[in-house]
Amino acid sequence: MVVNSDTPFESFFETSNEMVNKLYSNIHWSQRGNFMSVPTDCPQRDERLGWTGDAEIFAPTAAYNADVSAFYTKWMRDMRDGQSKEGGFPDIAPRVEDPQDGAPAWGDAGVIVPYTVYRMYGDIEIIEDNYEAMKRWMDYIGSQNPSYIWTKRVNSNYGDWLQVGADTPKEVLSTAYYGYDALLMSKMAKAVNRTEDHKKYSELHTNIANAFVKAFVNTTDATIKGNTQTVYVIAVAFELLPQNLIPLAANHLVDNIKAHDWHLTTGFVGVGYLCPTLSQLGHSDVAYRLLLQDTYPSWGYSIKYNATTIWERWDGWTKEKGFQDPSSFNHYSLGSVGRWLFQSVAGIDTHEEGVGFKSIVIAPKPGGNLQKMTARAQQAINKEEFYGLSGLQLQVWRFISIVTVLLQDFTALVGIIGAYRENYELTLTYFIITTIVLIMNLVNTSLRNTIIGPILDICVMITAFVFSKHLKSTEYEINDSKAQNKV
Numbered sequence: 200m201v202v203n204s205d206t207p208f209e210s211f212f213e214t215s216n217e218m219v220n221k222l223y224s225n226i227h228w229s230q231r232g233n234f235m236s237v238p239t240d241c242p243q244r245d246e247r248l249g250w251t252g253d254a255e256i257f258a259p260t261a262a263y264n265a266d267v268s269a270f271y272t273k274w275m276r277d278m279r280d281g282q283s284k285e286g287g288f289p290d291i292a293p294r295v296e297d298p299q300d301g302a303p304a305w306g307d308a309g310v311i312v313p314y315t316v317y318r319m320y321g322d323i324e325i326i327e328d329n330y331e332a333m334k335r336w337m338d339y340i341g342s343q344n345p346s347y348i349w350t351k352r353v354n355s356n357y358g359d360w361l362q363v364g365a366d367t368p369k370e371v372l373s374t375a376y377y378g379y380d381a382l383l384m385s386k387m388a389k390a391v392n393r394t395e396d397h398k399k400y401s402e403l404h405t406n407i408a409n410a411f412v413k414a415f416v417n418t419t420d421a422t423i424k425g426n427t428q429t430v431y432v433i434a435v436a437f438e439l440l441p442q443n444l445i446p447l448a449a450n451h452l453v454d455n456i457k458a459h460d461w462h463l464t465t466g467f468v469g470v471g472y473l474c475p476t477l478s479q480l481g482h483s484d485v486a487y488r489l490l491l492q493d494t495y496p497s498w499g500y501s502i503k504y505n506a507t508t509i510w511e512r513w514d515g516w517t518k519e520k521g522f523q524d525p526s527s528f529n530h531y532s533l534g535s536v537g538r539w540l541f542q543s544v545a546g547i548d549t550h551e552e553g554v555g556f557k558s559i560v561i562a563p564k565p566g567g568n569l570q571k572m573t574a575r576a577q578q579a580i581n582k583e584e585f586y587g588l589s590g591l592q593l594q595v596w597r598f599i600s601i602v603t604v605l606l607q608d609f610t611a612l613v614g615i616i617g618a619y620r621e622n623y624e625l626t627l628t629y630f631i632i633t634t635i636v637l638i639m640n641l642v643n644t645s646l647r648n649t650i651i652g653p654i655l656d657i658c659v660m661i662t663a664f665v666f667s668k669h670l671k672s673t674e675y676e677i678n679d680s681k682a683q684n685k686v
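The sequence shown: position 225 = 424 (the working numbering), numbered continuously.
The following block contains the structure:
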């Protein structure tokens, strides 16, 4: 029997690929088995504690899977209670008898989790409740690292925990996280109208980014110290690189993955940003290769050997080495790819200017051998529901994404992705066709269990097919991969 806190699990994710479905199931059950009062790292051995690094890297996935807004609000009280007088957030919350403050990527949960809840649920209160504690954490780091390179007060300094076949320099990781904290603080300060703090933390992020590049980046070819998948992923995800170096860094990232025979090497920290960053950089094809890989190290490897939850380590068990120690077989950290399944594969996201899914982005990025995908992400928006639905196989389209319910005063930004172009401008013709599809799906939702349901399904397929033919012949193209179209 699995017992967990009351965090309603209303989302689902399903594809035509059984391994991917099993991965999502394993992520789901790992979350259920660990979200009991606190986000424990594992439920079965003597730890069973609220390890902060595990929590922060998994938080976006957790928020897609279930309504965890109240759960994380309570846990952030534990974080504040465990904050040291110097301002250090703990490695574990509630804090145990541990004299050390949080390590890079662990203590940073005190900033990342409130931001995640704000972004996913539009919750301003969690920022207000934790604002002074977050500022103290920033001062805790900054006061001892005036050069903006985080090398002091790193405490246990775990690094990219349980990375495999890589050695990410810890000072690169810590400094990147310091920059990420500053970036998120600037966004949260803006959200709560702290104008001076918004300016302060924006400037801090710029200063850290400049120091990061000077200390760790070859500005000629964009190689980053360590040359691991994780260093490139976090440098891009945390907005630490100048624009002219990003394409070069993307090439290094892909080359590294290719050099490892299309396998990942990331540990706890890098894994959550790996696939999202690849998609951001226009390399969703590489992200899909990692997703569908089933040889060690990969998500598929454990599934091939009948895993029912996420393993703590990529080599928790291998044919060559057997069981490793220590090793947990229910440890959700490496399941943080779940965020990418919803955000990029299903294409369901909240727009930066409309957090809490007030402004909804629908922009699926089909790939791999997935022929069909259906997903639903429910967020706690005024106790309402939002559904994202995909699932039509066409010759020139892998699948088309359709919004089936749009709430009053909400906005949907729709990006349709075809086989030959990244994004398309929706002209009036396409707007009309899309509107018809939306209305059909809206009606279909209420008539799903009647004889009319299948008839409307056929109508939707025909309409979407016509839609795809129009898109195939269009001359309009948007080159900016972030551009979206308002519907």
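All residues carry an ideal CB built from backbone N, CA and C; glycine is no exception.
None of the values given here were measured: they were computed from a predicted structure.
message: Below 8 angstroms, how does it come out for the segment 248–259 and the segment 518–528: are there three or more Cβ pairs, yes or no?
response: no
Gln428 beta carbon less than 8 angstroms from that of Leu473: yes
- request: Compute the distance between the beta-carbons of Val453 and Val485, then report whether it is under 8 angstroms.
  value: yes
query: In three-state DSSP terms, what is Pro293?
result: coil
- request: Can you have a look at Arg276 and say buried or exposed, based on whether 16 or more other CB atoms are within 10 angstroms of its CB?
  value: exposed
field: When Gly306, Ser385, Ile407 and Thr239 are compared against Asn344, the one with the closest alpha-carbon
entry: Ile407
task: Could you have a look at Val453 and say whether DSSP puts it in helix, strand or coil?
output: helix
field: Backbone CA spacing between Phe211 and Ile226 [nearest angstrom]
entry: 11 angstroms
- prompt: In terms of DSSP beta bridges, what is Met218 paired with?
  reply: Paired residues: none, contrary to the question.
message: Could you compute how far the alpha carbon of Thr350 sits from the alpha carbon of Pro563?
response: 40 angstroms
message: Can you give me the C-alpha to C-alpha distance between Ser268 and Asp205, rounded to a whole angstrom?
response: 11 angstroms
Buried or exposed by the 16-neighbour rule on C-beta atoms within 10 Å, applied to Gly321: buried
- prompt: In whole angstroms, what separates the C-alpha of Asn220 from that of Glu402?
  reply: 43 angstroms
query: Hey, would you say Glu255 sits closer than 8 angstroms to Ile311, going by beta carbons?
result: yes
- request: Taking only the alpha-carbon atoms, compute the straight-line gap between Val202 and Lys413 and give it to the nearest angstrom.
  value: 49 angstroms
message: For a test of the three-state rule: what should DSSP assign to Pro446, helix, strand or coil?
response: helix
task: Let me know the secondary structure DSSP gives Asp548 once reduced to three states.
output: strand
8 angstroms Cβ cutoff, Thr350 in contact with chain D: Reference to chain D is not applicable here, since this structure consists of a single protein chain.
query: According to DSSP, what are the bridge partners of Trp516?
result: Phe522
message: Per the DSSP calculation, Thr573 is bridged to which residue(s)?
response: Glu213
query: Which value, in whole angstroms, describes the spacing of the CA atoms of Ile445 and Ser532?
result: 27 angstroms
field: Unbroken stretches of the alpha helix (DSSP H), 4 residues or longer, contained in the segment 211–292
entry: 217–233, 251–264 and 268–280
- prompt: Can you list, in chain order, the residues of its chain whose CB lies under 7 angstroms from that of Ser385, leaving out five sequence neighbours each side?
  reply: His397, Tyr400, Ser401 and His404
query: Which value, in whole angstroms, describes the spacing of the CA atoms of Asn443 and Tyr314?
result: 28 angstroms
- request: Leaving aside the five residues before and after Thr214 along the sequence, list all residues of the same chain whose C-beta is less than 7 angstroms from its C-beta, in chain order.
  value: Asn220, Leu569, Lys571 and Met572
Reduced DSSP category for Ile423 - H, G, I as helix; E, B as strand; rest coil: strand
task: Go through its chain and collect everything with a Cβ distance to Ala388's Cβ below 7 angstroms, but skip five positions before and after it.
output: Asp396, His397 and Tyr400
field: Buried versus exposed call for Glu551 [16 or more other C-beta atoms within 10 Å across all chains shown]
entry: exposed
- prompt: In angstroms, rounded to a whole number, what distance separates the CA positions of Gln594 and Asn409?
  reply: For Gln594, the pLDDT reaches just 25, beneath the cut-off of 50, and the residue's location in the model is therefore unreliable, although a value from the coordinates is still provided. Cα-Cα distance, rounded: 47 angstroms.
field: Range of the contiguous alpha helix (DSSP H) that encloses His404
entry: Thr394 to Phe415
task: Measure the Cβ-Cβ separation of Asn354 and Gly301 and say whether it is below 8 angstroms.
output: yes
query: Assuming Ser501 contacts Gly521 under a Cβ cut-off of 8 angstroms, what Cβ separation, rounded to an integer in Å, is found between them?
result: That pair is no contact at about 14 angstroms.
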